[in-house]
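Enquirer: If you read the protein sequences in the order shown, they are chains A and B.
Quick note on my numbering: the first sequence kicks off at 36 and runs consecutively.
Quick note on my numbering: the second sequence kicks off at 36 and runs consecutively.
Protein chains: 2
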Amino acid sequence: MPLIDIAKARLKTGSIYPAPYGAEMAGRSSIRLGEAGGLSQFGANIVILEPGAKSSLRHWHLNEDEFVMVTQGVCTLIDDHGRFEMGAGDCAAFPAGDANGHHFVNETGEEARFLVIGTKAPHEVATYSDIDLRVEMADGTATFTRKDGTPYAADDA
Amino acid sequence: MPLIDIAKARLKTGSIYPAPYGAEMAGRSSIRLGEAGGLSQFGANIVILEPGAKSSLRHWHLNEDEFVMVTQGVCTLIDDHGRFEMGAGDCAAFPAGDANGHHFVNETGEEARFLVIGTKAPHEVATYSDIDLRVEMADGTATFTRKDGTPYAADDA
Numbered sequence: 036m037p038l039i040d041i042a043k044a045r046l047k048t049g050s051i052y053p054a055p056y057g058a059e060m061a062g063r064s065s066i067r068l069g070e071a072g073g074l075s076q077f078g079a080n081i082v083i084l085e086p087g088a089k090s091s092l093r094h095w096h097l098n099e100d101e102f103v104m105v106t107q108g109v110c111t112l113i114d115d116h117g118r119f120e121m122g123a124g125d126c127a128a129f130p131a132g133d134a135n136g137h138h139f140v141n142e143t144g145e146e147a148r149f150l151v152i153g154t155k156a157p158h159e160v161a162t163y164s165d166i167d168l169r170v171e172m173a174d175g176t177a178t179f180t181r182k183d184g185t186p187y188a189a190d191d192a
Numbered sequence: 036m037p038l039i040d041i042a043k044a045r046l047k048t049g050s051i052y053p054a055p056y057g058a059e060m061a062g063r064s065s066i067r068l069g070e071a072g073g074l075s076q077f078g079a080n081i082v083i084l085e086p087g088a089k090s091s092l093r094h095w096h097l098n099e100d101e102f103v104m105v106t107q108g109v110c111t112l113i114d115d116h117g118r119f120e121m122g123a124g125d126c127a128a129f130p131a132g133d134a135n136g137h138h139f140v141n142e143t144g145e146e147a148r149f150l151v152i153g154t155k156a157p158h159e160v161a162t163y164s165d166i167d168l169r170v171e172m173a174d175g176t177a178t179f180t181r182k183d184g185t186p187y188a189a190d191d192a
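Here's what the structure looks like:
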């Protein structure tokens, strides 16, 4: 059935980031709407940010377009251009290959939410702007390395 | 800049449907958000339905995933499973190749809006459930035919 029962969609918590970065993702979860609806070509998720939480570490995608619409509360977009407060209905787009690292932070005292759409490319590289980290995604497996491609270990942080 | 100025995004009106079907699309327009944000891998549009308007003729996509979130008012989803009233925040998904013709109709007296995301496949076929019409999209060109592939002419409607 096309109609998505949001209350039954999978809620994803935690982080795939290696230590010590995973701990920075506390207060961030996501509702997997596209998965619930049987989509495979792009992800469609509601990201929930508790007060103080961030959507991700600041990064950009090599091969995947991304689109965001805030659906609740206020999210602050932080990217190479500055800081932008976004309320419900405000939208942003991040074309594949644009090396403009970005993330969303909830700097308010109330829960905030946004819908995020991202292409599911067969092979993807995301580069983290503020730290020596990149991730390669292939066949559903994420491999984190330093930016020079050498294996990442927490000691390197 | 990632932040999309919705007031400056292109507003698309009218219809590419051949006669006599184009006239059925009165009261339907769309704001081209993904285009404004420089995206190429999927479309991201706000569809505006005046009272009585419909999003499209009922159809399904062969190669393109589709995702919808109602953002204002009430839209009635009509598909092979029935009729479903959707309010702001309600979502629906239509996986590529699922032969479940669908569209959205505004049966209220107030404007309704939804966000629609659809993959941009290099080659696409959409089939219209209730009439003898299909469309093939390739290299940005839409070619309407009867379902047996013969050329469409208005006399055939």
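Note that beta-carbon positions come from the ideal geometry of N, C-alpha and C, so glycine has one too.
Got a sec: which bits of the stretch 66 to 88 of chain A sit with their beta carbon under 7 Å from any beta carbon on chain B, in order along the chain?
Expert: Leu68, Gly69, Gly72, Gly73, Leu74, Ser75, Gln76, Phe77, Ala79
Enquirer: Chain A partners of threonine 154 of chain B, CB-CB under 7 Å?
Expert: Gln76, Phe77
Enquirer: Look at the alpha carbon of histidine 138 of chain B and the alpha carbon of lysine 182 of chain A, and state the distance between them as a whole number of angstroms.
Expert: A direct Cα-to-Cα measurement between histidine 138 of chain B and lysine 182 of chain A gives close to 46 Å.
Enquirer: May I ask which residues mark the beginning and end of the alpha helix (DSSP H) holding glycine 69 of chain B?
Expert: 68 to 71
Enquirer: Can you tell me whether leucine 168 of chain A sits near the ligand ADP, meaning its C-beta is under 7 Å from at least one heavy atom of the ligand?
Expert: The model depicted lacks the ligand ADP and carries no ligand whatsoever.
Enquirer: Can you grab the Cα-Cα spacing for the pair leucine 38 of chain B / aspartate 114 of chain A, in whole Å?
Expert: 10 Å
Enquirer: For phenylalanine 129 of chain A, which residues in chain B fall below 7 Å Cβ to Cβ?
Expert: Pro37
Enquirer: List the whole-angstrom C-beta distance separating arginine 118 of chain A from lysine 89 of chain A, where the pair is believed to meet the contact cut-off of C-beta under 8 Å.
Expert: Not really, about 13 Å apart at Cβ, beyond 8 Å.
Enquirer: Looking at the strands, I want to know which residues DSSP matches up with serine 64 of chain A.
Expert: In the DSSP secondary-structure assignment, serine 64 of chain A is bridged to A/Ile83.
Enquirer: With DSSP run on the structure shown, which of helix, strand or coil describes tyrosine 56 of chain B?
Expert: Three-state DSSP puts tyrosine 56 of chain B in a helix.
Enquirer: Cβ of cysteine 126 of chain A less than 8 Å from any chain B Cβ?
Expert: yes
Enquirer: Which word fits alanine 127 of chain B, buried or exposed, when buried means at least 16 other C-beta atoms lie within 10 angstroms of its C-beta?
Expert: Counting Cβ neighbours within 10 Å, alanine 127 of chain B comes out buried, since at least 16 surround it.
Enquirer: Taking its Cβ as the centre, do 16 or more other Cβ atoms sit within 10 Å of isoleucine 51 of chain B, making it buried, or is it exposed?
Expert: exposed
Enquirer: How would you call histidine 96 of chain A, buried or exposed, if buried means at least 16 neighbouring beta carbons within 10 angstroms?
Expert: buried
Enquirer: Measure how close the beta-carbons of glutamate 159 of chain A and asparagine 98 of chain A come, nearest whole angstrom, since I'm counting them as under 8 Å.
Expert: Yes, glutamate 159 of chain A and asparagine 98 of chain A are in contact; Cβ-Cβ is about 5 Å, under 8 Å.
Enquirer: Give me the chain C residues within the contact set of methionine 104 of chain A, using Cβ-Cβ distance strictly less than 7 Å, ordered along the chain.
Expert: Structure shown: chain C not included; protein chains present are A and B.
Enquirer: How is the beta strand (DSSP E) around histidine 94 of chain A delimited, first residue to last?
Expert: 94 to 96
Enquirer: How many Å lie between glutamate 70 of chain B and glycine 78 of chain B at the Cα?
Expert: 7 Å
Enquirer: Under 7 Å Cβ to Cβ from alanine 156 of chain B, same chain only, skipping five residues before and after it: list those, please.
Expert: Excluding residues within five positions, the ones whose Cβ falls inside 7 Å are Asn98, Glu99.
Enquirer: Going by C-alpha distance, which of A/Lys43, A/Thr154, A/Glu101 is nearest arginine 67 of chain A?
Expert: Nearest Cα to arginine 67 of chain A within the set A/Lys43, A/Thr154, A/Glu101: A/Lys43.
Enquirer: If you count every other CB in all the chains shown that lies within 10 Å of the CB of leucine 46 of chain B, and 16 or more means buried, which is it?
Expert: exposed
Enquirer: Go ahead and label alanine 192 of chain B buried or exposed: buried means 16 or more other beta carbons lie within 10 angstroms of its beta carbon, across all protein chains shown.
Expert: Residue confidence for alanine 192 of chain B is low, a pLDDT of 47 falling below 50, so the modelled location carries little weight; the figure read from the coordinates is stated next. It is exposed - the Cβ of alanine 192 of chain B has fewer than 16 other Cβ atoms within 10 Å.
Enquirer: Taking the straight line between their C-alpha atoms, what separation do you get for glycine 122 of chain A and tyrosine 56 of chain A?
Expert: 27 Å
Enquirer: Use the C-beta contact count for histidine 94 of chain B: other C-beta atoms within 10 angstroms, 16 or more gives buried, fewer gives exposed.
Expert: buried
Enquirer: When we look at the beta-carbon of alanine 134 of chain B and count the other beta-carbons within 10 Å, is it buried (16 or more) or exposed?
Expert: Exposed: under 16 other Cβ atoms inside 10 Å.
Enquirer: Glutamate 85 of chain A: buried (16+ other C-beta within 10 angstroms of its C-beta) or exposed?
Expert: Classification for glutamate 85 of chain A: exposed.
Enquirer: Could you work out which residue in B/Leu92, B/Thr154, B/Gly73, B/Asp125 is closest to arginine 169 of chain B when comparing CA atoms only?
Expert: B/Leu92
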